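One structure is given below, encoded as C-alpha cells.
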Amino acid sequence: MINEQLLNPRSIVVIGGSNNVHKPGGAIVRNLLDGDYQGDLRIVNPKEDTIQGLKAFHNVKDIPQTDLAILVVAAKYCPDYVDYLCAEKGVRAFVIISAGFGEETKAGAELEQRILDTCERYGAALIGPNCIGLLNRNHHSVFTLPIPNLDPMGADFISGSGATAVFILESAVSKGLKFNSVWSIGNGKQIGIEDVLQYMDEHFNPETDSKVKLLYVENIANPDKLLYYASRLIRKGCRIAAIKAGSSESGSRAASSHTGALASSDAAVEALFRKAGIVRCFSREELTTVGCIFTLPPIMGKNFAIVTHAGGPGVMLTDALSKGGLNVPKIEGPVADELKTKLFPGSSVFNPIDFLATGTPEQLGTVIDYCEQKFDQIDAIAVIYGTPGLTQLYEAYDVLDQKIRECKKPIFPILPSLHTAGPEVEEFLKKGHVNFSDEVTLATALSQIMKTPQASPFEVELYGVDITRLHQIISGIHQEGYLSPDLVREILSCAGIPLVPELVSSSKDELIAFAEKTGYPVVAKVVGPVHKSDVGGVTLNIRSAEHLALEFDRMMQIPDAAGVMVQKMLKGTELFIGAKYEERFGHVVLCGLGGIFVEVLKDVSSGLAPLSYAEAYSMIRSLRGYKIIKGTRGQKGINEEKYAEIIVRLSTLLRFATEIKEIDINPLLADEHQVVAVDARIRIGTVFA
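Here the sequence shown is numbered in numbering that gives the first Met the number 0, starting from 0 and rising by one per residue.
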C-alpha cells in the first residue's frame, strides 16, 4: 500500500530521534537535514529539548498532524505508537527501523501483526520493520551512509536486506552509479519487493521515470507477482537486474531422478528470471556493474573494439569477452593502416588497439573517432586508460568525456587507477559518467546481459496439446507415485511427443512377436525397479528371438520385476528433458544433452512452464554442449526445431497438470530428421516420499 504520504510527505516525525549521529535515531535526523528535506520535520525525544538544532517534543501527543512517522524505538513500544499516530495524528505512512519482530521470536511476530492490522485498518503504508529505511529525492529516511547521488534517471534499488543494501551502495558509488530511490523493505510485512515493482509499473511514466531497477532478493514471496510486474516494466523499456541469495537444497532431497536432483529452488529462480527478462547477478560488484551498463546506450551487436595504452588489460578483456560469447574482431586493411600513421611507432591497431603508454590524449580521441566513424564492424568501444603515476589524466579524461557525449556507439570507460589517479577519476564521475575499474568484471556482466532472453509473452498457446484427454487420464489416477509405462505413453501422446515403438508385457511370446514385427535390433528393459541400469535391467542391441528370450528370463528374476519392455533400437544423439513442480513457482522445465552431460557435467538449462518457442530456443542455445546439437567436426546436428517443439509441448501440458510433480524423458534420441522419446518416467503426487 504505497501512498503519497510515504513517497512525498509534507511532514515527518522521528520517534526516537537523538543527537547521537552514531545511533540510528540520530543518523536518520542527520540524513534528513543533510538531504534538505523541504517539509516540516518533528522529533520526539522525552529527554532532550533540542535535537540537532531542532526543537524536540517530549511526548508524541504534543506533535501536530503528520504524514509520515519513522520509528526508532524498542519493538515493544511500536504497536502502541502506530495505533495512536494513526488514530490521533493522521499518520498514513510508517518507516519502522526497529528490529525484534517476526525475524526473531513468535512474540515479535505478534507485535508485527498488530502493526500491520492497524495500518490496514487506516489505509497506512508500512515499510519494515527491521530495515534501514527509504531514500528518494524527497526525503532521506535512512540511518546509513553512503547517500548516493540522486537523479530522476538514476537506478531504483529495492533490497530485502538493509546491511547488504549499504554494501551494494558502497560498490555503486565508487563506480559513479546514480540512484532515483533506495527501498529497504526489511521484513516486508506489508510492502515487499513485488509490491514496489507493482507500484512502479502501475505508475510508470516513460518520459520522467527511471528505466533501471536493481534488486537484492532473499525471499520471493509471490513468484507470479514478481514475474508479472517485472516483465511488464521490461516491456515498457525498463531494464532489471537482480541477486537472489540463498539457494535451497530442498530440490535434491531424496531425489529419485535426474530432474529431482537438478531442479532445485534455485533452478526455479533461474527460470523465473529468464522468463521475466531479469539479468541474474551473483555478487554486489556484478549487480552494480550491470546497473552501470544499463545507463549506457544499448549494444546493437557483439563486436568490441578495445582501446588501450596498456597491453595486458587489453588481452585480459579480449579473453573475457570471447569467453562470454562476445567478439573482438581483427581490424585490418587500408583504414587500419591509415590510423596507424596517426599513432606513435610501435602502436598496434589490430584490436586491441594499443597506442602505447606514451600515447597522447589527442591520439586517444583519434582512435575513438575511427572506431565510431570508420570501422563499421565495431558495435561498442571499451577504453582502458590508467596511469603508472608519471602524468595526470585530466586532459585524457576530458577527451573521453567529450567522445562519450558525441558517439552513438556505447563507450565503456575502464579507469583502473583509483588510487594513483583518484582525483582525475572523481572529476570524471562528477560529469555524470560511470567507471568500470576492472575489465574482467565488466566482461562478465556484459555476457550476463547478452545471454538474458527478452521477457516472454503472458499468453498461453496450446500448440495442439490435447488438454481434454490429459484431464481424463489424470482424473483416473488415484495413487501417488510413478506411473506405469502405458500411462506415461498416454500422457506424452497428449502432448504430441513422438515415442519409440514399444510393448510392455509379462509374456515372453508376446514380446518376441512384437520384436519380430518391429524388426531387430531391439532393447529390453525391466519394468518395476526405478533405476533399471543399477540392477542390470537394460540390454541393448538384441538381434534375435533366442537372445530376447534369454534376457526376458533373466530380467524377470530381478527383485520387484513386473514385466519387460521391448523397444525398437534407434540411433542418434541422446537428449534429456525433465520437469519438476516447485511450490509457488510451478513447473521448472530442464533440457540438455543426455548421458554424461546430464549425469556428470549437469549441463542443463531451465525454464518456467509454459514456455514459448523463443524461450525453448534460448534454453537450448545456452547449453555448454550446444555445439554438439548444432553439429561439429563433420557430424550432422540434430533437428533443433523438433527438440524445441517437444520442450514447448511438454511445458504446455504441464501448465494444465499440476498433479505431475516430476517427469523425466531420458533419453530422447535425435538426428537431423527426428527427435523421439525412448524412456520416460512420470511421478504423480504432492510431496516426496
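Ideal Cβ placement from N, Cα and C applies to all residues, glycine included.
Predicted, not measured: the structure shown is a model, and the values here were computed from it.
Cβ of K373 within 7 Å of any heavy atom in the ligand GTP? Only the bare structure without any ligand can be found here, which leaves the ligand GTP out of the picture.
* Asked: My guess is that V464 and C493 are in contact by the Cβ rule of under 8 Å, so how many angstroms apart are they, rounded?
  -> 6 Å
Notebook entry, point to check: From I627, P78 and G606, pick the residue whose C-alpha is nearest to that of M618; which is it?
Noted result: G606
Candidates Y642, R120 and K243, of which the one nearest F575 by Cα = Y642
Item to complete: Identify the continuous alpha helix (DSSP H) that holds D82 and give its terminal residues.
Response: C77 to E87
Am I right that P128 and F100 are in contact with their C-beta atoms under 8 Å? What's the rounded C-beta distance?
5 Å
Length at least 3, wholly inside the region 381–442: the beta strand (DSSP E) runs in chain order:
410–413
query = Which value, in whole angstroms, describes the spacing of the CA atoms of N326 and A304?
reply = 9 Å
| What residue range is occupied by the uninterrupted alpha helix (DSSP H) comprising M315? | G310 to K322
* Asked: Closest by CA to A73, which one among L115, I131 and I14?
  -> I14
Cβ of V306 within 8 Å of Cβ of P360? no
Evaluate I239 with the Cβ neighbour count: other Cβ atoms within 10 Å of its Cβ, from every protein chain shown; 16 or more gives buried, anything less gives exposed.
buried
CA-CA distance, V439 and F374? 24 Å
- request: Report the three-state DSSP secondary structure of G161 (helix, strand or coil).
  value: helix
Which one or two residues does DSSP pair with I541 in a beta bridge?
V521
Using three-state DSSP, classify H530 as helix, strand or coil.
coil
| query | Which residue's Cα is closest to the Cα of G571: G585, L115 and G594? | reply | G594
Excluding the 5 residues flanking H57 on each side, which residues of the same chain have their C-beta closer than 7 Å to its C-beta? P45
What's the C-alpha gap between I184 and A275? 22 Å
Q: Please say whether G122 and R91 have beta carbons closer to each other than 8 Å?
A: yes
Taking the alpha helix (DSSP H) that I595 belongs to, which residues open and close that run?
I595 to E598
Take K450 and list the residues in its own chain whose beta-carbon comes closer than 7 Å to its own, dropping the five residues that flank it on each side.
-> G324 and S621
Checklist entry - Going by beta carbon distance, what residues of the same chain come within less than 7 Å of T690, once the five residues before and after it are set aside? => result Any property of residue 690 remains undetermined from this structure, which presents the chain solely from 0 to 688.
*asked:* If you measure between the beta carbons of E167 and Y215, is that distance less than 8 Å?
replied: In the sequence as presented, Glu is not what sits at residue 167; that position holds Ile. Yes, the Cβ-Cβ distance between I167 and Y215 is below 8 Å.
Quiz prompt | Three-way DSSP call (helix, strand, coil) for F93 in this model | solution = strand
Using alpha carbons as the reference points, say which of K408, P387 and S506 lies closest to H418.
P387
Quick one, which of I292, V588, S532 and S543 has its alpha-carbon nearest E661's?
-> V588
How many angstroms separate the CA atom of Q401 from the CA atom of V647? 49 Å
When the Cα atoms are used, what is the spatial distance from L226 to I96?
-> 29 Å
Fill in: Closest by C-alpha distance to A578, when choosing among A561, V603 and P558
V603
Proximal residues to E509 (C-beta, below 6 Å), its chain only, five neighbours per side dropped: none
| message | Restricting to Cα atoms, I'd like to know which of E573, E550, L5 and C370 is closest to I628. | response | E573
* Asked: Over what stretch of residues does the beta strand (DSSP E) that includes Y36 continue unbroken?
  -> Here Y36 belongs to no beta strand (DSSP E), and DSSP marks it neither H nor E.
Below 8 Å between beta carbons: does that hold for P528 and D559?
yes
Just verifying my parser: in three-state terms, what is the DSSP assignment at F56?
strand
So does the region 99–119 actually touch the region 134–142, counting three or more Cβ pairs closer than 8 Å?
no
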